[in-house]
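Structure first, then comments.
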Amino acid sequence: MAPVPSEEELTAEYGKMLEQMRKTFDTGKTRSLAWRKQQLRQVIKMYQENHELISETIAADMGGSKMRGVAEISAASSADDCLANIDEWTRERWVGGLFDRQYIRPEPKGVVLIISPWNVPWQLSIRPLASAIAAGNAAVIKPSELNPKSAPLMAELVAKYLDPECVRVVEGAITETTALLNNRWDHIFYTGNGQVGRVVMAAASKHLTPVTLELGGKSPVIVDETAQIDVTVRRLALVKWMLTGQICVAPDYILVHRSVEKQFLEKLKAQVQASYGQDGKEGGDDYGKIVNERHVDRLENLVKTAGGTVVCGGTQGIDREKRFVPPTVISEPKLDAPIMQEEIFGPILPVLAYDDFESALKMVREKEPPLAFYIFSQSSRNVEKALSYIQSGGVCVNTAFEHLLPETLPFGGQGASGMGAYHGKFGFDEFSHRRAIFVKSTLPGKRGTLIPLPEAGKPLPDWVYPLVARFTIGIVPQSVKSCWRGAYAMLMKPLRHIFG
Numbered sequence: 001m002a003p004v005p006s007e008e009e010l011t012a013e014y015g016k017m018l019e020q021m022r023k024t025f026d027t028g029k030t031r032s033l034a035w036r037k038q039q040l041r042q043v044i045k046m047y048q049e050n051h052e053l054i055s056e057t058i059a060a061d062m063g064g065s066k067m068r069g070v071a072e073i074s075a076a077s078s079a080d081d082c083l084a085n086i087d088e089w090t091r092e093r094w095v096g097g098l099f100d101r102q103y104i105r106p107e108p109k110g111v112v113l114i115i116s117p118w119n120v121p122w123q124l125s126i127r128p129l130a131s132a133i134a135a136g137n138a139a140v141i142k143p144s145e146l147n148p149k150s151a152p153l154m155a156e157l158v159a160k161y162l163d164p165e166c167v168r169v170v171e172g173a174i175t176e177t178t179a180l181l182n183n184r185w186d187h188i189f190y191t192g193n194g195q196v197g198r199v200v201m202a203a204a205s206k207h208l209t210p211v212t213l214e215l216g217g218k219s220p221v222i223v224d225e226t227a228q229i230d231v232t233v234r235r236l237a238l239v240k241w242m243l244t245g246q247i248c249v250a251p252d253y254i255l256v257h258r259s260v261e262k263q264f265l266e267k268l269k270a271q272v273q274a275s276y277g278q279d280g281k282e283g284g285d286d287y288g289k290i291v292n293e294r295h296v297d298r299l300e301n302l303v304k305t306a307g308g309t310v311v312c313g314g315t316q317g318i319d320r321e322k323r324f325v326p327p328t329v330i331s332e333p334k335l336d337a338p339i340m341q342e343e344i345f346g347p348i349l350p351v352l353a354y355d356d357f358e359s360a361l362k363m364v365r366e367k368e369p370p371l372a373f374y375i376f377s378q379s380s381r382n383v384e385k386a387l388s389y390i391q392s393g394g395v396c397v398n399t400a401f402e403h404l405l406p407e408t409l410p411f412g413g414q415g416a417s418g419m420g421a422y423h424g425k426f427g428f429d430e431f432s433h434r435r436a437i438f439v440k441s442t443l444p445g446k447r448g449t450l451i452p453l454p455e456a457g458k459p460l461p462d463w464v465y466p467l468v469a470r471f472t473i474g475i476v477p478q479s480v481k482s483c484w485r486g487a488y489a490m491l492m493k494p495l496r497h498i499f500g
C-alpha cells in the first residue's frame with residue numbers, strides 16, 4: 001500500500017500542476033474564442049452523453065430518484081447560455097473620451113480554483129466552470145469527498161471531454177483542499193459553509209487572491225395576513241423538502257402572522273402528509289437521504305433541543321442507518337435554541353407567529369444577512385417595506401428558490417452569506433478582469449500633453465489652474481460637459497478606427 005502523501009508533498013505536487021497550467025494559459029490558448037466555444041460545446045456533450053450515469057451516481061450518493069439528477073444536469077443550460085452570448089460578452093466596450101479612445105476589455109484572470117460542495121456537486125462545479133471557461137480561464141475543480149460516487153465520475157468525464165492542459169479535477173479531502181489553498185491562484189470560487197469560507201478567504205489573503213464565496217445562512221420566510229395560504233403552503237413545501245432540505249436557499253424558518261398561524265400550520269401538515277405520508281416515509285425515492293450519519297445526529301439534536309411543539313415528523317421517525325430524517329415542522333421553538341441560531345440544512349422547519357409586521361422585520365434584521373429572503377404577501381406596501389429594510393443576497397416574492405434559476409439574475413450572498421455573484425453574464429464578469437484602456441492620438445495637432453509641461457524657472461501659465469478647477473469641481477455644469485462629450489462621441493465614433 002502506497003504511503004499517504006503529506007500536506008507539504010501535496011502542496012508541492014499541486015504547485016507543479018498549477019505552474020504547468022499557468023504556462024499553458026500564458027501561451028494564450030484559453031484566450032481564443034474558438035477554444036472557449038469548443039470547450040463549452042464539450043461540456044454540453046458531456047451531459048448529453050452521460051446524463052443518466054450522472055443521475056445514477058447522484059442517487060447513489062444522496063438518495064432520491066433520477067429526477068434528483070435534473071438539478072445536476074441543468075448546468076448544461078448554463079454552458080449553452082455562455083455559448084450563445086460569448087461573442088457579445090467578450091466584445092470591447094467603448095466608453096468615449098475627449099479626442100482619445102477609452103474602452104474596457106474583459107480579460108481572463110488566469111488559473112482559477114473551484115471548490116464545490118456535496119449537496120449539488122455537479123451543478124455547483126460545472127456552472128461556475130462554464131463561466132470560467134467563457135471568460136478565458138484555465139480551471140481546477142475540487143469536488144467534495146462526501147460524494148464517493150460522483151467525485152470520481154466527475155474526474156473521469158472532465159478528463160475525457162475537456163482539455164486536460166487547461167481543466168482538471170483534483171479529488172481528496174481536507175488535506176488535499178488545504179494543499180491546493182497553499183498555492184497562489186488567480187481566483188478562488190468556493191461554495192459551502194461560512195466556517196470553511198473563512199478558511200478559504202484567509203488562505204487567499206496570503207496571496208491577495210480574489211474570491212467568490214457562495215455561503216448560506218438562515219434564509220427566512222415572512223407570511224403576512226394577506227398571503228394566499230394554499231399557494232404559500234404548496235410553494236414552500238416543494239422547496240423546503242426538495243433535496244431533503246439540503247440546499248443553501250431552503251427556507252430555514254417561517255414567521256407567520258398570528259391571525260393565520262393556525263390555518264397555515266394545518267395546511268402545511270396536511271401537505272406534508274399528502275406528499276410524504278403520515279410518518280414521512282412514503283415519499284419514496286424522490287425524498288432522498290441525509291448526506292451522512294454525522295449530519296443525521298446533528299439534525300436529531302436540533303429537534304431534541306428546539307422546544308416548542310412538533311406539528312409533524314420529529315425524532316421518532318429518524319433512521320440513522322438509512323440516513324433518514326422525516327419532514328418535520330416545529331411550532332414556536334425557543335429563540336435561543338440551536339435550531340434558531342444555526343443554519344438547519346435539513347428537512348426541519350420552525351414556524352413562529354408574529355403580531356405586527358415591524359416585529360417580524362426586526363427579528364430577521366437582527367440576524368446576519370441571509371443568502372435568500374422570501375415574503376408571501378398581497379400587500380405591495382409590506383413587500384416594499386421588507387425589501388427596503390431586510391438585507392439579503394436575493395429575494396423572492398410569493399415564491400421561493402426561483403430567483404436562482406434564470407441566467408439573467410445574479411446569484412450570490414451578502415455579508416456572512418457570501419460575496420460576489422454568478423450565473424449568466426454575472427458569472428462571466430466574476431471570472432474576468434475589466435481592463436481599462438486609454439489610447440491617445442499622436443496625429444498632427446494632437447501631440448500635446450494634458451496640461452503644459454513645466455519649464456525650468458517658469459511657473460505654469462495662470463490660465464491652467466482655473467480651467468482645470470472649473471471642470472474638476474463642477475463650476476462648469478455637468479450638463480454642459482455631458483453635451484460636449486455626447487456631441488464628440490456622435491461625431492468621432494465612426495472615425496475613431498480610421499484616425500486612431
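Just so you know, UniProt numbering puts 475 at position 475 of the sequence shown, and the rest follows in order with no gaps. Backbone N, C-alpha and C fix where the C-beta goes; we use that ideal spot for every residue, glycine too.
Inset, instruction - Could you tell me the boundaries of the alpha helix (DSSP H) in which Val249 lies? - result: Segment: none, Val249 is in no alpha helix (DSSP H) and carries neither H nor E.
Inset, instruction - Spell out a yes or no on whether the segment 258 to 273 and the segment 400 to 410 are touching, meaning 3 or more CB-CB pairs, one atom from each, closer than 8 Å. - result: With the cut-off at 8 Å, the segment 258 to 273 and the segment 400 to 410 do not touch.
Inset, instruction - Check the C-beta distance from Val4 over to Leu146 and give it rounded, since I have them as a contact under 8 Å. - result: The C-beta distance from Val4 to Leu146 rounds to 19 Å, too long to meet the 8 Å contact threshold.
Legend entry - Segment contact, 8 Å Cβ cut-off, at least three pairs: the segment 195 to 214 with the segment 255 to 264: Taking 8 Å as the limit for Cβ pairs, the verdict is that the segment 255 to 264 does not touch the segment 195 to 214.
Inset, instruction - My understanding is that Ile104 touches Val140, with C-beta atoms under 8 Å, so please give their C-beta distance in whole angstroms. - result: Actually they are not in contact, since the Cβ atoms of Ile104 and Val140 sit about 28 Å apart, beyond 8 Å.
Legend entry - Whole-angstrom distance between Leu129 and residue 514, CA atom to CA atom: Shown here, the chain extends from 1 to 500; a query on residue 514 therefore has no answer.
Legend entry - C-beta contact flag for residue 505 and Gly217 at 8 Å: Summary: the structure shown does not reach residue 505, with the chain confined to residues 1 through 500, and so no result is reported for it.
Inset, instruction - Taking Val198 as part of the alpha helix (DSSP H), name the residues at either end of that continuous run. - result: The sequence given here has Arg at residue 198, not Val. It spans Gly194 to Ser205 - the alpha helix (DSSP H) in which Arg198 sits, taken as one unbroken run.
Inset, instruction - Consult DSSP for Ala469 and reduce its assignment to one of helix, strand or coil. - result: Collapsing the DSSP output to three states places Ala469 in a helix.
Inset, instruction - Can you grab the Cα-Cα spacing for the pair Arg365 / Val395, in whole Å? - result: Whole-angstrom Cα-Cα distance: 14 Å.
Inset, instruction - Grab me the residues of Ala76's own chain with a C-beta within less than 6 Å of its C-beta, minus the 5 sequence neighbours each way, in chain order. - result: Within its own chain, the residues whose Cβ lies closer than 6 Å to the Cβ of Ala76, once the five positions on either side in sequence are excluded, are Ile44 and Tyr47, listed in chain order.
Inset, instruction - For Glu358, count neighbouring Cβ atoms within 10 angstroms of its own Cβ and tell me buried if that reaches 16, exposed if not. - result: Of the residues assessed, Glu358 falls on the exposed side of the cut-off, its CB having fewer than 16 other CB atoms within 10 angstroms.
Legend entry - At least 3 beta-carbon pairs within less than 8 Å: the segment 80 to 90 vs the segment 414 to 432: Enough Cβ pairs lie closer than 8 Å, so yes.
Inset, instruction - Note down the Cα distance separating Gln246 from Arg294, rounded to an integer number of angstroms. - result: CA-to-CA, the gap between Gln246 and Arg294 works out to about 14 Å.
Legend entry - Any 3 or more C-beta pairs closer than 8 Å across the segment 174 to 190 and the segment 13 to 31: These segments touch.
Inset, instruction - Could you say if the segment 225 to 234 and the segment 428 to 443 meet the contact criterion of at least three C-beta pairs nearer than 8 Å? - result: These segments do not touch.
Legend entry - Pick from Gln316, Trp185, Val329 and Ser388 that is closest to Thr309, judged by C-alpha positions: Residue Val329 is the option with its Cα nearest to Thr309.
Inset, instruction - Report yes if the CB atom of Trp89 is closer than 8 Å to the CB atom of Ala34, and no otherwise. - result: No, the pair does not count as a contact, with Cβ atoms beyond the cut-off.
Inset, instruction - Taking only the alpha-carbon atoms, compute the straight-line gap between Gly346 and Phe438 and give it to the nearest angstrom. - result: Going from the Cα of Gly346 to the Cα of Phe438 covers about 52 Å.
Inset, instruction - With DSSP as the reference, label Arg496 as helix, strand or coil. - result: The predicted position of Arg496 is uncertain, since its pLDDT is 48 and thus under 50; a value taken from the coordinates is nonetheless stated next. In the structure shown, Arg496 sits in a helix (DSSP, three-state: H, G or I).
Inset, instruction - With a threshold of 16 other CB atoms inside 10 Å of the CB of Gln316, please say whether the residue is buried or exposed. - result: So Gln316 counts as exposed.
Legend entry - Collapsed DSSP secondary structure at Gly96 in the structure displayed: Strand at Gly96.
Inset, instruction - Decide if Val95 is buried, meaning its Cβ has at least 16 other Cβ atoms within 10 Å, or exposed. - result: So Val95 ends up on the exposed side.
Legend entry - Separation of Lys109 from Val464, as counted between CA atoms: Per the coordinates, the alpha-carbon of Val464 lies some 40 Å from the alpha-carbon of Lys109.
Inset, instruction - Return helix, strand or coil for Phe431, following the three-state DSSP convention. - result: Coil, per DSSP.
Inset, instruction - From the DSSP output, in three-state form, read off Ser331 for me. - result: Note: Ser331 maps to strand in three-state DSSP.
Inset, instruction - Select from Gly288, Ile318 and Asp286 the residue whose C-alpha is nearest the C-alpha of Asn301. - result: Here the closest residue by C-alpha is Ile318.
Inset, instruction - Express the C-alpha separation of Glu9 and Ala2 in angstroms, rounding to a whole number. - result: Going from the Cα of Ala2 to the Cα of Glu9 covers about 14 Å.
Legend entry - Extent of the continuous beta strand (DSSP E) run through Val310: For Val310, the enclosing beta strand (DSSP E) has its first and last residue at Thr309 to Cys312.
Legend entry - Same chain, Cβ closer than 6 Å to Met363, neighbours up to 5 away in sequence not counted: Sequence-distant Cβ neighbours of Met363 in its own chain, meaning closer than 6 Å and more than five residues away, do not exist here.
Legend entry - Exposure label - Gln271; buried when at least 16 CB within 10 Å: That one is buried.
Inset, instruction - Let me know the secondary structure DSSP gives Gly424 once reduced to three states. - result: Gly424 falls in the helix class under three-state DSSP.
Legend entry - Burial state of Gly500 (16 or more Cβ within 10 Å): Residue placement at Gly500 cannot be trusted, given a pLDDT of 44 that sits under 50; what the coordinates show is reported in the next sentence. That one is exposed.
Inset, instruction - Could you please give me the residues that DSSP links to Glu107 through a beta bridge? - result: Paired residues: His433.
Inset, instruction - Leaving out five residues on either side along the sequence, give the residues of the same chain with a beta carbon under 8 Å from the beta carbon of Glu7. - result: Result list for Glu7: Thr175, Thr178, Ala179 and Asn182, in chain order.
Legend entry - Local Cβ density within 10 Å of Gly457, reported as buried at 16 or more and exposed below that: By the neighbour-count rule (16 or more Cβ atoms within 10 Å), Gly457 is not buried but exposed.
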